[in-house]
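Going by the working numbering, 168 is the number at position 124 of the sequence shown; the sequence numbering is gapless. Glycine is no exception: its CB is placed at the ideal position from the N, C-alpha and C atoms.
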Amino acid sequence: MPEKRTLVAIFAHPDDESYSASGTLAYYASLGVDVYIICATRGEAGKISHPSLAYRDVLGAVREEELRDACRIMGIHQPLFLGYRDSGMIGSSDNNDPLSLNMAKSSDVIGKLVGLIRQLRPDVIISYYETGPYAHPDHVSSHKYALEAFNCSGNPDMFAEQLKGSVTTFSPQRLFTVAIPTSRIEELVKAIPEDDENESRYPYQQNQEDESEEDEIHPEDVGIPDEDVTVYMDVGILYETKRQSIAAHRTQHQGEGVFSNLPENLLKDFFSQEHFFQVAPKTNPPPRYKGLFDGIWE
Ligand SMILES: [Zn+2]
Numbered sequence: 045m046p047e048k049r050t051l052v053a054i055f056a057h058p059d060d061e062s063y064s065a066s067g068t069l070a071y072y073a074s075l076g077v078d079v080y081i082i083c084a085t086r087g088e089a090g091k092i093s094h095p096s097l098a099y100r101d102v103l104g105a106v107r108e109e110e111l112r113d114a115c116r117i118m119g120i121h122q123p124l125f126l127g128y129r130d131s132g133m134i135g136s137s138d139n140n141d142p143l144s145l146n147m148a149k150s151s152d153v154i155g156k157l158v159g160l161i162r163q164l165r166p167d168v169i170i171s172y173y174e175t176g177p178y179a180h181p182d183h184v185s186s187h188k189y190a191l192e193a194f195n196c197s198g199n200p201d202m203f204a205e206q207l208k209g210s211v212t213t214f215s216p217q218r219l220f221t222v223a224i225p226t227s228r229i230e231e232l233v234k235a236i237p238e239d240d241e242n243e244s245r246y247p248y249q250q251n252q253e254d255e256s257e258e259d260e261i262h263p264e265d266v267g268i269p270d271e272d273v274t275v276y277m278d279v280g281i282l283y284e285t286k287r288q289s290i291a292a293h294r295t296q297h298q299g300e301g302v303f304s305n306l307p308e309n310l311l312k313d314f315f316s317q318e319h320f321f322q323v324a325p326k327t328n329p330p331p332r333y334k335g336l337f338d339g340i341w342e
């Protein structure tokens with residue numbers, strides 16, 4: 045690696061990074077890349093898996109610490125928080141909280157992201173796929189804000205008040221979203237044993253207190269077409285790191301959470317690959333890379 049390289053991941057809730065990209069974040073950190081997570085909220089509307097771990101008013105602070113633990117496990121920098129409140133699932137009363145990401149003014153969120161991009165100067169950014177993977181309002185809006193910030197951080201006319209001292213415009217080279225190819229989800233759904241008690245038929249799914257009976261997984265709603273995947277990252281060697289970073293989010297699952305419900309070989313197979321789709325810049329034909337920095341320095 046010829047010079048200092050930086051990777052920034054933009055997520056909305058502590059634990060999203062661990063399920064979707066912890067292998068990749070840990071991998072690049074192990075190569076000497078500066079890896080940061082920007083987390084828009086502290087996951088205040090999430091689950092409380094056991095009353096001994098948290099109560100509602102302190103859940104955000106507890107989840108902040110859980111994310112800090114996960115970052116230590118991945119070997120990346122400590123997280124940066126935008127300070128919004130978790131907006132909860134679609135239709136929940138948390139959507140209307142005036143402090144929520146959902147109620148935030150777009151230009152405020154984009155301005156904060158642009159400010160951080162101009163300071164951290166990442167070559168590559170990752171965030172959510174435009175639909176989720178499931179349509180949590182914070183996932184969908186974080187995708188939109190990450191894309192806007194990616195597009196305007198290099199423009200001196202945008203958020204010009206930030207441009208003083210050592211802060212200058214900066215254009216990252218690539219924006220990827222985390223994604224799972226539909227075929228992988230189909231394989232997983234087929235392989236999961238039928239069990240009515242099993243709350244975690246799909247480990248990416250956010251557990252909520254008001255889980256509906258209709259938890260059927262439709263792979264095409266959650267995944268992206270296989271041919272749209274830009275980068276397949278084989279992170280099998282970091283499986284234990286990924287497992288531990290997910291387990292660090294103790295309030296979000298009992299014990300090892302999804303790990304207690306699914307056969308080990310299935311989990312290992314599923315979590316040994318991470319997938320990314322390049323959102324920007326758009327090229328025709330779409331690029332295929334061996335890694336997120338392929339052609340930059342890899
Ligand atoms: Zn989330």
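Assign residue i to buried or exposed, taking buried as 16 or more other Cβ atoms, counted over all protein chains shown, within 10 Å of its Cβ.
i	result
S227	exposed
Y71	buried
E271	exposed
D167	buried
P284	According to the sequence displayed, residue 284 carries Glu and not Pro. Exposed is the call here.
D240	For D240, the predicted model reports a pLDDT of 49, less than 50, meaning its position is unreliable; a value from the coordinates is still stated below. With fewer than 16 Cβ atoms within 10 Å of its Cβ, D240 is classed as exposed.
Leaving aside the five residues before and after residue i along the sequence, list all residues of the same chain whose C-beta is less than 6 Å from its C-beta, in chain order.
i	result
E230	P263
S62	A114, S289 and I290
S215	G198
Q250	Per-residue confidence for Q250 stands at a pLDDT of 47, beneath the threshold of 50, marking its modelled position as unreliable; the derived number appears in the next sentence. Nothing listed; no residue qualifies.
F125	C83
I89	Before going on, a small fix: residue 89 reads as Ala here, not Ile. Cβ neighbours of A89 beyond the five flanking positions: D130, G132 and D138.
A73	V79, G119 and I120
G267	I224, P225, T226 and I229
Please name the residue, chosen from the options, that lies closest to residue i on a Cα-to-Cα basis.
i	options	result
T85	E109, V77 and Y63	E109
D141	R162, S150 and S131	S131
G335	H297, L219, E284 and T175	L219
L191	V158, D201 and T213	V158
A179	N146, H94, S151 and S93	N146
V275	V222, Y128, L282 and D60	V222
P95	R332, H297 and I169	H297
R59	K91, A73, E174 and D265	Sequence inspection shows Asp at residue 59; the Arg mentioned does not correspond to that position. With distances taken between Cα atoms, D59 lies closest to K91.
P4	V273, S316 and Y128	Coverage of the chain is limited to positions 45 through 342, which leaves residue 4 absent and any answer about it impossible.
A65	R100, E308, G267 and L282	L282
S210	H187, E174, Y189 and R162	R162
If you drop the 5 nearest sequence neighbours on each side, which residues of the same chain put their C-beta closer than 8 Å to that of residue i?
i	result
V77	M45, R49, T50, L51 and F337
L97	V106, R294 and T295
L310	L232, A235 and I236
L69	L51, A53, E61, V79, I81, M118 and I120
Who pairs with residue i in a beta bridge, going by DSSP?
i	result
D113	Its beta-bridge partners do not exist; DSSP assigns none.
R129	S144
I169	V52 and L219
DSSP three-state call for residue i: helix, strand or coil?
i	result
Q296	helix
F214	coil
D141	coil
D254	Here D254 scores only 45 on pLDDT, less than 50, and its place in the model is too uncertain to base an answer on.
Q322	strand
D272	helix
Q288	helix
V279	coil
E78	Residue identity check: residue 78 is Asp in the sequence provided, not Glu. Reduced to three states, the DSSP call for D78 is strand.
L336	coil
To which residues of the same chain is residue i closer than 7 Å at the C-beta, ignoring the five residues directly before and after it?
i	result
H183	A56, Y172 and G176
G155	F203
D254	A caution first: D254 carries a pLDDT of 45, below 50, which makes its placement in the model too unreliable to give a value.
T200	Reading the sequence as shown, one finds Pro at residue 200 and not Thr. Closer than 7 Å at Cβ, skipping near neighbours: L207 and T213.
F194	I169, P216, L219 and A324
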